[in-house]
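Shown next, in the form of structure tokens:
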């Protein structure tokens, strides 16, 4: 799916696809944390998705703006975690010091 705006929900079938598969949680990642990622997570939150942001799977041109978005998520929109923590919760075994790659 191609997105054409900051939010991956705007002008796409993402909501319909997720609901069609019974998905209730989104993990918005990418660049930039304070623009595309934040706009997508806010739109998802407004559509009643649970929001989980792996902070080490997002980036921004400004560490301050990256951290501000993560603070917004923690205070209002969802959970901030790490990729390694998600892999642990999902039971994905990885060799020590490495991450699973798909």
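In our numbering, the protein residues as written are 4 to 105. Note that the Cβ used here is the ideal one computed from N, Cα and C, for glycine as well.
According to DSSP, is residue i helix, strand or coil?
{"i": "residue 33", "result": "strand"}
{"i": "residue 26", "result": "coil"}
{"i": "residue 84", "result": "strand"}
{"i": "residue 95", "result": "coil"}
{"i": "residue 43", "result": "helix"}
{"i": "residue 72", "result": "helix"}
For residue i, which residues of its own chain have a beta-carbon under 8 Å away from its beta-carbon, when the five flanking residues on both sides are left out?
{"i": "residue 77", "result": "83"}
{"i": "residue 2", "result": "Missing from the structure shown is residue 2; the chain here goes from 4 to 105 and no further."}
CB-CB under 6 Å to residue i, same chain, minus the five flanking residues each way: which ones, in chain order?
{"i": "residue 68", "result": "37"}
{"i": "residue 73", "result": "58 and 83"}
{"i": "residue 63", "result": "35, 36, 37 and 69"}
{"i": "residue 41", "result": "72"}
I need the straight-line Cα distance from residue i to residue j, nearest angstrom please.
{"i": "residue 28", "j": "residue 47", "result": "9 Å"}
{"i": "residue 26", "j": "residue 80", "result": "17 Å"}
{"i": "residue 43", "j": "residue 12", "result": "7 Å"}
{"i": "residue 50", "j": "residue 17", "result": "11 Å"}
{"i": "residue 75", "j": "residue 45", "result": "10 Å"}
{"i": "residue 61", "j": "residue 33", "result": "5 Å"}
So which of the options has the shortest CA-CA distance to residue i?
{"i": "residue 3", "options": "93, 70 and 79", "result": "Residue coverage of the chain in this structure runs from 4 to 105, which leaves residue 3 outside it and unanswerable."}
{"i": "residue 88", "options": "55, 14 and 74", "result": "55"}
{"i": "residue 19", "options": "91, 52 and 60", "result": "52"}
{"i": "residue 9", "options": "23, 21, 22 and 31", "result": "31"}
Could you tell me which residues DSSP puts in a beta bridge with residue i?
{"i": "residue 9", "result": "Partner(s): none; residue 9 has no beta bridge."}
{"i": "residue 53", "result": "28"}
{"i": "residue 60", "result": "Beta-bridge pairing links residue 60 to no other residue."}
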